[in-house]
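In the numbering used here, the protein residues as written are 1 to 301. Just so it is clear, CB atoms sit at the ideal spot from N, CA and C, and this is done for glycine as well. Source: prediction; values computed, not measured. Report on the structure given below.
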């Protein structure tokens, strides 16, 4: 069954029997036989086929979703058993929301690899909501997310503080002011992240706390695009100090002084609520908890 599920998932993702056969080092007839056997098992077709495409139908979508989880559990089970007798090694699939993933995690992974070269990390970057869903679906070993999140099946552990600042272009009229008012900020165009982002959550909490209702709001799906847009004078934003450190050093961005800033939030570790973990995952989590691989400028919990 595991082999059939692997073949099915590969065909679904490649949208092709021939490309799946190539990746799996199998013949195309063998791939077709596995798919047919799986469809007999479920008593229904799982894939719509034509000369131009291969795609999942409704039943196939259900099987694909659960097959990914089953294959992930099988791989994890095998890794855990192998891990008992070996030095820390193997794959480590890490997910992170954008701020931590793009500006902090590379430093952490570099130090992890320096100490444990046999551990092979893979990094996935999404917003906070998507990272939590991927861990719940057992497609990631661990995740680091921004802001607050809850999930009844996952372990969520705050481990570090993140300082957030209101930013403007260095040529903006508010950049030279010793202190600004909420009324002045309300007149500006605010550039924010998409729904589901920890950075968006932090901005909305700040708006509510200050009683600030932006006259204009622009939504972008990337921290880098937000920084470039603020630099170009399109508006103001709230971003992590870690994400803007280079721009502040270069002088292309400035922070706005408000009595309520900086805004503080937490970075949290998200894992399966499961006592069975690989050595690689335990090492990664311990390094983060001990704070000895975090960059010096990231404030500790």
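Scanning its chain for C-beta atoms nearer than 6 Å, with the 5 sequence neighbours on each side dropped, one finds around residue 63 the residues 46, in chain order. For residue 76, the secondary structure class from DSSP, reduced to helix, strand or coil, is helix. An exposed status is given to residue 53, since fewer than 16 other beta-carbon atoms sit within 10 Å of its beta-carbon. Only buried fits residue 277, as 16 or more other CB atoms lie within 10 angstroms of its CB. Contiguous beta strand (DSSP E) elements confined to the segment 50 to 136 occur at 54 to 56, 90 to 96 and 119 to 125, taking only those with 3 or more residues. Residue 276 carries a coil assignment under DSSP once its states are collapsed to helix, strand and coil. Shortest Cα-Cα distance from residue 195 to any of 174, 219, 215 and 177 involves 219. Three or more pairs of CB atoms, one per stretch, sit closer than 8 Å, so the segment 180 to 199 contacts the segment 220 to 232.
Within the same chain, Cβ atoms closer than 8 Å to the Cβ of residue 24 are found at 6, 7, 10 and 31, the five residues on either side in sequence being excluded. Under DSSP, residue 155 shares a beta bridge with 271. Here the alpha carbons of residue 16 and residue 67 stand approximately 18 Å from one another. The shortest CA-to-CA distance from residue 267 to any of 104, 65 and 38 is the one to 104. Contact between residue 96 and residue 144 is confirmed by a C-beta separation of about 5 Å, below the 8 Å threshold. Put simply, the backbone Cα of residue 110 is about 19 Å away from that of residue 140. Shortest Cα-Cα distance from residue 127 to any of 56, 249 and 221 involves 221.
Note on residue 65: under 16 other CB atoms within 10 angstroms of its CB, so exposed under the neighbour-count rule. In the DSSP secondary-structure assignment, residue 266 is bridged to 161. Ranking 213, 265 and 18 by CA distance to the CA of residue 185 puts 213 first. Residue 117 has its alpha-carbon roughly 25 Å from the corresponding atom of residue 159. Here the C-alpha atom of residue 238 lies approximately 31 Å from the C-alpha atom of residue 137. For the 8 Å CB-CB criterion, residue 142 and residue 281 form a contact. For residue 199, the enclosing alpha helix (DSSP H) stretches over residues 198 to 210. According to DSSP, residue pairing for residue 237 in a beta bridge involves 167.
In the assembly as shown, residue 100 is a buried residue. Its beta-carbon has 16 or more other beta-carbons within 10 Å.
Its chain contains 165, 166, 167, 168, 174, 175, 177, 180, 185 and 236 as the residues whose beta carbon lies nearer than 8 Å to that of residue 256, once the 5 sequence neighbours on both sides are disregarded; these appear in chain order. By the 16-neighbour rule on beta-carbons within 10 angstroms, residue 79 is buried.
DSSP places residue 247 within a helical segment (H, G or I) once states are collapsed to three.
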